[in-house]
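Okay, so here's the structure we're looking at.
Number of protein chains: 2
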Amino acid sequence: MSTKWVYTFEEGKAEMRDLLGGKGANLAEMTNIGLPVPPGFTITTEACVTYLNAGETFPSGMWEEVVENMKALGKKMGRTFGDSQNPLLVSVRSGAKFSMPGMMDTILNLGLNDEAVETLAGEAGERFAWDSYRRLVQMFGKVVLDIDGLKFEHLIDQIKNAEGVKTDAEISVDGWKKMTAQFKDLIRKETDSEFPQDAWEQLEYAVAAVFKSWNGAPARNYRKATGIPDDLGTGVNIVTMVFGNVGEDSGTGVAFTRNPATGERLLYGEYLFNAQGEDVVSGARTPLQVGELKDKAPEIYQKMVENSAILEQHYRDMQDMEFTVEHGKLYMLQTRNGKRTAAAAVKIAVDMVNEGLISKEEAVARIDSFQIDQLLHPRFDPAALAGSVVLTKGLNASPGAAVGVVYFDADIAEAQTQKGEDVILVRPETTPDDVHGMLAAKGVLTQRGGATSHAAVVARQLGKPCVAGCEDISLDLENKQFSVDDMVVKEGDVLSLDGGTGRVYLGRIPTVAPSFDDQSDLQQILAWADDIRRLQVWANADDPEQATRARNYGAQGIGLCRTEHMFLGDRTEKFQAAILAERQGLHDEFLNVLDKVLLPLQRDDFHGIFRAMDGLPVIIRLLDPPLHEFLPSLEDLAAEVAAMQARGESNADTELLLETVRDMHEFNPMLGLRGCRLGITLPALNTMQVRAIFEAACDAAKEGIVVHPEVMIPLTSHVNEMKKIQPLLEEVAKNVMDEKGITIEYKFGTMIEIPRAALTAGEIAEVAQFFSFGTNDLTQMTYGISRDDAERKFLLRYADKEDLNILPNNPFQAIDQIGVGRLMKIAVTEGRATRPELEVGICGEHGGEPSSIDFCHRIGLNYVSCSPYRVPIARLAAAHAVLREKGLIS
Amino acid sequence: MSTKWVYTFEEGKAEMRDLLGGKGANLAEMTNIGLPVPPGFTITTEACVTYLNAGETFPSGMWEEVVENMKALGKKMGRTFGDSQNPLLVSVRSGAKFSMPGMMDTILNLGLNDEAVETLAGEAGERFAWDSYRRLVQMFGKVVLDIDGLKFEHLIDQIKNAEGVKTDAEISVDGWKKMTAQFKDLIRKETDSEFPQDAWEQLEYAVAAVFKSWNGAPARNYRKATGIPDDLGTGVNIVTMVFGNVGEDSGTGVAFTRNPATGERLLYGEYLFNAQGEDVVSGARTPLQVGELKDKAPEIYQKMVENSAILEQHYRDMQDMEFTVEHGKLYMLQTRNGKRTAAAAVKIAVDMVNEGLISKEEAVARIDSFQIDQLLHPRFDPAALAGSVVLTKGLNASPGAAVGVVYFDADIAEAQTQKGEDVILVRPETTPDDVHGMLAAKGVLTQRGGATSHAAVVARQLGKPCVAGCEDISLDLENKQFSVDDMVVKEGDVLSLDGGTGRVYLGRIPTVAPSFDDQSDLQQILAWADDIRRLQVWANADDPEQATRARNYGAQGIGLCRTEHMFLGDRTEKFQAAILAERQGLHDEFLNVLDKVLLPLQRDDFHGIFRAMDGLPVIIRLLDPPLHEFLPSLEDLAAEVAAMQARGESNADTELLLETVRDMHEFNPMLGLRGCRLGITLPALNTMQVRAIFEAACDAAKEGIVVHPEVMIPLTSHVNEMKKIQPLLEEVAKNVMDEKGITIEYKFGTMIEIPRAALTAGEIAEVAQFFSFGTNDLTQMTYGISRDDAERKFLLRYADKEDLNILPNNPFQAIDQIGVGRLMKIAVTEGRATRPELEVGICGEHGGEPSSIDFCHRIGLNYVSCSPYRVPIARLAAAHAVLREKGLIS
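Chains A and B supply the protein sequences, listed in that same order.
Residues in the first sequence are numbered consecutively from 1, following the numbering used here.
Residues in the second sequence are numbered consecutively from 891, following the numbering used here.
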């Protein structure tokens, strides 16, 4: 049987998203559940892919099916496509599996030509007919023939000037007629060919243009930003035209079944009387709120409320609808699951569970881990905000606080971001061409457009703060500045945007962490996630304050307490002196600083952490970095001494320090004398730390705190290292417990952060009671990439799809599952074969990244440990891993 | 059945080495093939191990077996052990599975006491009897009671002074009597107990002392140096005494069936008339050459020649025999496979094949890879030697040229070596306590002792040049100096030793590589090895000269031609300028230097290599090191600029250079922007090199040279790197072949030197046509150890058994088979699964190390590639791998 390329709306259904695209599948679904949808049909995504792969040739048989369906459509409507006396008019719209708003092409009013426009004029009035025709010619020119859209806009501006009017709506019939002729001239001039008068030719070009728009730069950028695969293709929906611009009893709108910013259960959206759909989406005219229809068009409002309820019950999710009213009759043009802010997503999910619409598992599945991130994003410090002067105010289009330097061009915004600057992108309105700049920017400010404008929709999805439709500002792109009254803001100035309130502030306003405690819906979702997940979530915390925050966010333990900061700050000078003493063979002086100065300080640090984590495990890593990191840099010292000598001065201490630093210098400190190598060659460092840990733990235990200290030995590469140092340290622990007269439970274990440790985990587990994957270092060594050096020098280029495109991901962000992950699997399997009760976790930065958490779940880790702020994300991601395993999430 | 702890010589045989030790098994074997061996028996090594493990308690039943066998021995000899009127005298000698000359204890004349000595005096003369008795007391005091041997020697010196004589032989009967009494007094004073008069008590103590000597420091050091396991234990041989010191018709000697230094087929050794065995081995008296017996004792000589033939036929190897003549009757006291120099080993093996004694496989199996190393060791430059003044001359005890700084103490020699100094150890004679110093030294010079003295035997085995018995020198240990006539050599002076001629030179004489071409026996062995091995042997060579040498040594290809040196020397300045131009965005200038300056030079280099390797494959690695390695160091530049500024000067060029170097600086260059990362981010470097390679190859091919260039891309971590760069380079290759109008065979492949490359070898083999393991880097990354830093800072201590003892080996010398090796196995298996014909080799330094070569054979590599000098070793080691697989070698 040959492939079927075309499905009428009656033949399709919602489940056919892959084949029909989201829009087509939903139009079919709406048709079949009895909602008023203009008749039409869909050309499949498969046809698009086949077309693109075949060098832009329609698949065999497709066109015949289109023709047949067009004829059937005409019969149903009592009109004939291509018949100028009784023309059938259709729209041609893209529609891919995943929504890509505004990224691909749409053409309206196909079927009009120089003759048919006269017929339409007779039926619906001259002004409307010529406006419709000029729209077809304009869109065809821009979309199909790739003529710069600004050239059409320029002609419209000329007419407006000539007629002395300000808006499109005021242009005269003659104006539209003249303009249509000018548009056709423009097409002739630019392409050496005529605008096709044959409707079938128009259709053929339009379908091909939609197919091709899948591979256009805007669509590719959007897919890159959102992770949509490149090989899906788009469907093409051919729908009978209905007109919202045939009078004041007509109009067009977009609406959400609930508020996409807050989640409130209330019809929310925008409506324009006497307008076509593009007028709303483009943001060129500022529309009514849908709520206002309750008074201004109560029947339509009521009908939309009913349709909303039907669609939510049917789709079991919040819907984003497009609709048109033609002479008082409502048509549903599209429905899809609505995009929403993180806050709305959480509230809607919780509400829908309470409404009995979805299960708790579904609620958890619907929250994206990245959305949680947004909810925990910093906000402006209320104290600082109180004293700040508001520059201007626009629509609160996408929540969050953003501070950055103003740029007016997406390319420049992206370039500055790559140089490390925080950027605010300011545009009149945004188009798909601006998405890369939005992606790079911290926040977006637009002069025009509403809550469903391109800028607003895209910013919400990207989680970028956005203030839209800020009409008070006067933009001067040429001079790279805008003004509000007398105040001029230039490229390079700093702005602060509050996407939650729509307020724009001049200058830099400090931000604060959001309050987790106030977000009860989020906490509800996470509580449900906790019921689902198997993986525990621990946190990396180096001091009592961080530990307290981590616990508040739901951490079930401390997976990594780094101790190096305990040697810094006002302790640095003393530790430096100790290192120098040791290097000069003054071992007693060295020990004296360790025991008299550093031990009591560390003990206090640990005590505070044990108190914060009462009842929960705390993994403390022994000193890891090379000692020379605590000394001045070789370059600086060499320069200092050289300068001194050039001035004929000398300073024995500085020269000795230089000598020492030079002697301790390492070519590759990452692979040098650090971690347990330090402890093995200089055991006093480790014995002091273990004494501090156990003194603190015993003291805490005596105060009634339940302590579970776990001592982590870093950088093991050979089991014998553990065999050498661990007994020594256990003896210190036992001595302290004897002195204190109390016994506590404890573990000794190791980081798995060197490839060889993973490869020989079976041996290492003979000694280690727990493993913790240090995936930062493990990635550095497995990949042979020094993170500090490489990200700047080549790694970002490697991972950039538009540049070298060598790596699918930055392996320091998401675990490289086939390389590094393979070592992790070996270590888990072989470690547990030796010691079945082995506790295995991860404490690298990957521990808070969802795809890595999923991997950790699959290979059977006991826990992931991440920064306190990421604990909620990790709790959710761990639940997602279970749901994914059950097939409840893709 | 209870364990049998004792075997008579009639019960044992050669195959029972494990149980009886080498000496015991061979005494048994000689007994059973009819050679004249004094009756005796052996206590098993198992008894020793049981004794040591049981806290130094004889195993149950052992002593009873000893007593029973002693009685049987007495019956056979017509004497009774412990009967002073008719005493049976025995020796108690250690004898482990592997020979450890002089490392463990021996006690002679057991059974003598204050009464029995009188009986012996009646039978054999007073002088002999008292000499024998004082020997027993002395050895017993030293060996069993652990009294410092020098105290006994001191007493002997006193007697000599008192009697005004110079040698032991001149001491009077009264002298010996007095001395025996003094020895007993010394024992009483030192131990608060008497020398035991009960023979059985003597025996019990003696057996225990031999057992314990297995764990003495000298034995442990020796085992560490030679790799003998610690858990074997020693046998104890109890043998009826025969006396070589009962008159001028008696004597004792050691002899080899062939010359152990040259391999010449001729009885070789030393003999002392009227002496006991210890007198020969200790080197205290300078003995006759065995050859001299032909005139001086023709019957004994003839008998020894016959016995030699019997033993060689029986053991099918060169024998090292100990024998004693008592009143004209020859007794064989020991035989074992003789230690020999590398040159002798090779000659003997070849001769024995020609004599039909052994097979070619056996001949190959018998040559140790390390021996080949000795044969290819540098020798003194004959030109330099000609003009050098010989300081003195001793015995050519162990061949080879050594140059170093003189030290007189083994501990200091070791310490200085660890500091990186080349050391010559000078001693009066060596003892087991000196072995660690000999091991550390480049060469050994002794004042006393012959070709079979401790120094000579151990030096030969360790492959250290040794000049022994250099009696012209006067040693003054106290003042750390020696003199030859008027010339004084002090600690810290430099000597050159020629162990092959016995000549000693003052100062440093340059060395030259030995001539491989002249060593026909070695070439014969290697030719037989070639017939056996499956693994090919290639060489690492960076220029035509090295390639020529490699080919001469038998290399079958170039496995690694590094190209970085092609950017050095007089080319450095130009390349630096190119790098600076590129960093300042002057890409054309950069390209200009590459194409105009470097390309022609590289092309010439490659052409010479192709010519040298006509018909064989040549793998050329593209530029690997980071570019900043070609620039001055950051430290130096920073100091230079700081000094300049302090002087109020300035130099824009230097400051720009500093800026550039600082910008290019990497924290961990090992893991940085190098290898293919360099080629991918700056492709002109690689395209220039590939052009040079193919221009040279095409030109050579046109001259009739058969070329097989293989282009190696370094540092791949992800298959996409290969996918990015390889097509680009292949295009260059094709363009050159088009231009030159000739087509040549070639391959593109990659180093496997990053763990991730090994873990994803299956993917990489989709693109790469060959793999070459860069085990230096692979070890660095898998182990997380930076070689340059770590060896100095901790790795040598890690691998030192006497220090931290964490690693069994330095992993940069022998492949870490369980860690790094596991990755190699994965890469071979999964690479070949993708591409069955994949060529896989190794080009790291491990490629010339025998245990690593064996591993490479086992995991199925196609070739190993090593430095030209190591090619012969690798050829042999590869053959050994096959023989080991067949069970023909352990």
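Built from N, CA and C at the ideal position, the CB exists for glycine as well.
Source: prediction; values computed, not measured.
{"Query": "Anticipated Cβ contact below 8 Å, Val1296 of chain B with Glu1311 of chain B, distance rounded", "Result": "That pair is no contact at about 11 Å."}
{"Query": "Of the listed residues A:Tyr505, A:Asp486, A:Met487, nearest to Val494 of chain A (C-alpha basis)", "Result": "A:Tyr505"}
{"Query": "Best match in A:Ala255, A:Ile310, A:Ile228, A:Ser94 for proximity to Thr31 of chain A [C-alpha to C-alpha]", "Result": "A:Ile310"}
{"Query": "Proximity of Ile367 of chain A and Met318 of chain A at Cβ, strictly below 7 Å", "Result": "no"}
{"Query": "Chain A within 7 Å of Pro1355 of chain B, Cβ atoms only", "Result": "no"}
{"Query": "Contact the segment 22-42 of chain A vs the segment 90-103 of chain A: 3+ CB pairs below 8 Å", "Result": "yes"}
{"Query": "Of the listed residues A:Ala765, A:Leu594, A:Phe694, nearest to Pro683 of chain A (C-alpha basis)", "Result": "A:Leu594"}
{"Query": "Within-7 Å CB hit, Asn1558 of chain B to chain A", "Result": "yes"}
{"Query": "Contact with chain A by Asn1610 of chain B, beta-carbon distance below 7 Å", "Result": "yes"}
{"Query": "Cα-Cα separation, Ser1786 of chain B to Leu1265 of chain B", "Result": "Residue numbering for chain B in the displayed model covers 891 to 1780; residue 1786 of chain B lies beyond these limits and cannot be assessed."}
{"Query": "Interface residues of chain A facing Thr1672 of chain B [CB-CB closer than 8 Å]", "Result": "Ile754, Pro755, Arg756, Leu759, Met781"}
{"Query": "Amino acids of chain B, ordered along the chain, whose beta-carbon sits closer than 9 Å to that of Lys724 of chain A", "Result": "Leu1694, Asn1695, Ile1696"}
{"Query": "Through-space distance from Pro714 of chain A to Pro891 of chain A, alpha-carbon basis", "Result": "The requested residue 891 of chain A does not occur in the structure, where chain A is confined to residues 1 to 890."}
{"Query": "Integer-rounded CB distance, given that Ala455 of chain A should sit under 8 Å from Thr446 of chain A", "Result": "4 Å"}
{"Query": "Beta carbon of Ala1419 of chain B nearer than 7 Å to that of Leu1766 of chain B", "Result": "yes"}
{"Query": "Within-7 Å CB hit, Glu635 of chain A to chain B", "Result": "yes"}
{"Query": "Residue-chain proximity (Phe323 of chain A, chain B), Cβ-Cβ < 7 Å", "Result": "no"}
{"Query": "Cross-chain neighbours of Gly819 of chain A in chain C, by beta carbon under 7 Å", "Result": "Included in the structure are the protein chains A and B, with no chain C among them."}
{"Query": "Against chain A: residues of the segment 1562-1591 of chain B by CB proximity under 7 Å", "Result": "Gly1562, Leu1563, Arg1567, Ile1570, Thr1571"}
{"Query": "Among A:Gly22, A:Leu671, A:Gly443, the one whose alpha carbon lies nearest that of Met321 of chain A", "Result": "A:Gly22"}
{"Query": "Check whether Phe1146 of chain B and Gly1228 of chain B have beta carbons under 7 Å apart", "Result": "yes"}
{"Query": "Cβ separation of Val1033 of chain B and Asp1075 of chain B, assumed to be a contact under 8 Å, to the nearest whole Å", "Result": "Wrong, their Cβ atoms sit about 18 Å apart, outside the cutoff."}
{"Query": "Lys1283 of chain B, enclosing beta strand (DSSP E) - first and last residue", "Result": "1280-1283"}
{"Query": "Below-7 Å beta-carbon distance, Phe1684 of chain B vs any chain A residue", "Result": "yes"}
{"Query": "Rounded Cβ spacing between Ile1509 of chain B and Ile1570 of chain B (contact assumed at less than 8 Å)", "Result": "Actually they do not touch by this definition, with Cβ atoms about 20 Å apart."}
{"Query": "Beta-carbon proximity of Arg1017 of chain B to Val957 of chain B, cut-off 7 Å", "Result": "no"}
{"Query": "Beta carbon proximity, Asp788 of chain A to chain B, threshold 7 Å", "Result": "yes"}
{"Query": "Cβ-based contacts, 8 Å cut-off: residues of the segment 818-838 of chain A near chain B", "Result": "Ile818, Gly819, Val820, Arg822, Leu823"}
{"Query": "Range of the contiguous beta strand (DSSP E) that encloses Cys938 of chain B", "Result": "Segment 935-943 is the alpha helix (DSSP H) holding Cys938 of chain B; no beta strand (DSSP E) there."}
{"Query": "Touch test, the segment 109-123 of chain A against the segment 198-211 of chain A, Cβ-Cβ under 8 Å, three pairs minimum", "Result": "yes"}
{"Query": "Closer than 7 Å to chain A by CB, Ile1675 of chain B", "Result": "yes"}
{"Query": "Burial state of Gln780 of chain A, where buried means 16 or more other Cβ atoms lie within 10 Å", "Result": "buried"}
{"Query": "Alpha-carbon to alpha-carbon, Gln689 of chain A and Glu763 of chain A", "Result": "26 Å"}
{"Query": "Alpha carbon of Phe140 of chain A to alpha carbon of Gly469 of chain A, nearest angstrom", "Result": "28 Å"}
{"Query": "Collapsed DSSP secondary structure at Ile1200 of chain B in the structure displayed", "Result": "helix"}
{"Query": "Per-residue contacts from Leu715 of chain A into chain B (C-beta, under 7 Å)", "Result": "Gly1674"}
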